[in-house]
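Heads up, the thing below is written out as structure tokens.
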Amino acid sequence: MNRREAIKNISISFGSITLSTGVLSMIQSCQTDNIDWSPDYFKKNQINFIDRIFEIIIPETDTPGATSLNLSRFVDAYISKNVPKENQNELNAGINEFIDVILKNENIRSINEIDSVSIEKHLSNHLDSESYIDSDGKNYSQLCGLFREMSVRAYKLSEYVMTNKLGYVPIPGYYDGNVDV
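Each position in the sequence shown, counted from 1, maps to that position plus 255 in my numbering.
If you want it as structure tokens, here you go:
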């Protein structure tokens, strides 16, 4: 399976989220402030990178941003539980290649030294043009589109957005058994 197919399968599986009790429990568990949290799928340095990408896509304004809502925790839990291992490996390889391209193009040695301006530049280059080719001869537009899709879906499924913006009620409707027919 090639990377393009893997990213397509991941995005299809991400797009087919239904509000089952498992997804709701993942949403609620991602909203707690657990300092001892460790990622299941991403590595520690990758989660910091993913957090910064998600914060660029969904910044903090009058509503909480991606970092405040712990969107990377939800995405990490979702990928580790719902995406097949071969697709996880393809996604991980794509993320590592994208990080390496940014490090090489910006002449930086460590992932922790990458600033948000560099990330935003590379992200916007690939999101705005599907024909953009990076210095390694590859196009990362699908991966960057997947970052955008994951962050937006995780944002829409966050507890804050569901309850405050979308009017989600766990038990819909009001029941009154004494109504004239």
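Yeah, the Cβ is synthetic: ideal placement off N, Cα and C, and Gly gets one too.
- Between Ile312 and Ser379 a beta carbon distance of about 10 Å is seen, past the 8 Å cut, so the two are scored as non-contacting.
- Here Ala332 carries a helix assignment [DSSP, helix/strand/coil].
- Taking C-beta separations shorter than 8 Å and ignoring five residues to either side along the sequence, the partners of Asn300 in its chain run Ile366 and Asn367, following chain order.
- In the three-state DSSP reduction, Asp431 falls in the coil class, being neither helix nor strand.
- Counting C-beta atoms within 10 angstroms of its own C-beta, Leu421 has fewer than 16 neighbours from the protein chains shown and is therefore classed as exposed.
- Under a 10 Å Cβ-count criterion, Arg307 is classified as buried, with 16 or more other Cβ atoms of the shown protein chains found around its own Cβ.
- Assignment of alpha helix (DSSP H) within the segment 347-400, counting only whole runs of 4 or more residues, yields 371-383 in chain order.
- For Asp306, the enclosing alpha helix (DSSP H) covers residues Lys299 to Ile312.
- In this structure, the straight-line span from the alpha carbon of Asp389 to that of Val356 is close to 8 Å.
- Asn257 carries a coil assignment under DSSP once its states are collapsed to helix, strand and coil.
- Using a Cβ distance threshold of 7 Å, Gln397 and Ile262 count as a contacting pair.
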